[in-house]
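Okay, so here's the structure we're looking at.
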Amino acid sequence: GAGVSQTPSNKVTEKGKYVELRCDPISGHTALYWYRQSLGQGPEFLIYFQGTGAADDSGLPNDRFFAVRPEGSVSTLKIQRTERGDSAVYLCASSITGGKNYGYTFGSGTRLTVV
Amino acid sequence: GNSVTQMEGPVTLSEEAFLTINCTYTATGYPSLFWYVQYPGEGLQLLLKATKADDKGSNKGFEATYRKETTSFHLEKGSVQVSDSAVYFCALSDGPSGSRLTFGEGTQLTVNP
Chain A
1 GAGVSQTPSN KVTEKGKYVE LRCDPISGHT ALYWYRQSLG QGPEFLIYFQ GTGAADDSGL
61 PNDRFFAVRP EGSVSTLKIQ RTERGDSAVY LCASSITGGK NYGYTFGSGT RLTVV
Chain B
1001 GNSVTQMEGP VTLSEEAFLT INCTYTATGY PSLFWYVQYP GEGLQLLLKA TKADDKGSNK
1061 GFEATYRKET TSFHLEKGSV QVSDSAVYFC ALSDGPSGSR LTFGEGTQLT VNP
């Protein structure tokens, strides 16, 4: 597609529920990233995929968070037993290839609210 | 670990004023440096980047120079417009492959006519 697409744009869920957030990267981009942005803060890294595999998952805060990218394109971020502290905007980005010399293209994000 | 520090905001200027947003970093090695911008209601967009010391990134009248000696990457624009009102984030490449970004907290800029 023309840009990075994230769905849903907004998600409200009850504490303790399970949620899935979807990211559709730019066609042909092999690298995909998930970030979390809390109100008034800069984005914080969660996980980086190169193709189908997670090349760096050091930013996942705990084992309630998991992400997959089974075919090397669309990715799903999964959060189990949601907590109010998980409320944030979850951003997805993609780039042609991983590497420090490339800027990313970000999606518009999914705003998650846990009540 | 690596980190980015931005000047405290918010910043409010009149149209055609000169803009500086300070950014300093702490890093091992030689990261690439970036400025991202987030306009109201929109996603983060790459504004400019620099990949090595003394490089100058520029775009849309904005400039920033990679200063290794002062570990800084200050954003400047000679004459701001109302349409420049946004949140600006400084970032550096990080991680084992340099692929992830570490962001500063962001600086809110408001330009009044």
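Note that the protein sequences, when read in sequence, are chains A and B. Per our numbering, the first sequence runs over residues 1 to 115. Per our numbering, the second sequence runs over residues 1001 to 1113. Virtual Cβ for every residue (Gly too), placed ideally from N, Cα, C.
According to the DSSP secondary-structure assignment, D24 (chain A) is paired through a beta bridge with A:S5.
Residue contact check for G1078 (chain B) against chain A: no CB pair falls below 8 Å. Pairwise C-beta distances place the stretch 85-105 of chain A in contact with the stretch 18-33 of chain A, as three or more of them are shorter than 8 Å. Per DSSP, N1059 (chain B) is one residue of the beta strand (DSSP E) stretching across K1056 to N1059.
D1084 (chain B) carries a helical assignment under DSSP once its states are collapsed to helix, strand and coil. G1098 (chain B) sits away from F106 (chain A), with the two beta carbons spaced by 8 Å or more. L112 (chain A) is outside the set of residues whose beta carbon lies under 8 Å from a beta carbon in chain B.
The alpha carbon of F66 (chain A) has as its nearest neighbour, out of A:S9, A:G72, A:D57 and A:V74, the alpha carbon of A:D57.
For P43 (chain A), a Cβ of chain B is located within less than 8 Å of the residue's own Cβ. Counting other Cβ atoms within 10 Å of its Cβ, V1087 (chain B) reaches 16 or more and is therefore classed as buried.
Counting along the chain, L1044 (chain B) sits inside the beta strand (DSSP E) bounded by residues L1044 to A1050. Of all alpha-carbon atoms in B:T1005, B:L1101, B:E1105 and B:F1089, the one lying nearest the alpha-carbon of P1031 (chain B) is that of B:L1101. Within chain A, the C-beta atoms nearer than 8 Å to that of F1034 (chain B) come from G103, in chain order. In this structure, the beta-carbon distance from V12 (chain A) to V115 (chain A) falls below 8 Å.
In this structure the stretch 13-22 of chain A does not touch the stretch 1081-1096 of chain B; the number of beta carbon pairs closer than 8 Å is below three.
Under DSSP, E1063 (chain B) shares a beta bridge with B:S1058 and B:E1076. Going by beta carbons, L1109 (chain B) and V1011 (chain B) fall inside the 8 Å limit. Within chain A, the C-beta atoms nearer than 7 Å to that of F1089 (chain B) come from G42, in chain order. Under the three-state reduction of DSSP output, D56 (chain A) falls in the strand class. Residue environment: K1077 (chain B) is assigned as buried (16 or more neighbouring CB atoms within 10 Å of its CB, all protein chains considered). Close to chain B, meaning a Cβ-Cβ distance shorter than 9 Å, are the following residues of the stretch 15-39 of chain A: A31, Y33, Y35 and Q37. Within chain B, no residue has its CB atom less than 9 Å from the CB of Y90 (chain A), the nearest being about 12 Å off. Non-local beta-carbon contacts of G1104 (chain B) in its own chain, meaning distances under 8 Å to residues more than five positions away in sequence, involve V1004, T1005, Q1006, C1023, F1089, C1090 and A1091 in chain order. Within the DSSP secondary-structure output, F1103 (chain B) pairs in a beta bridge with B:A1091.
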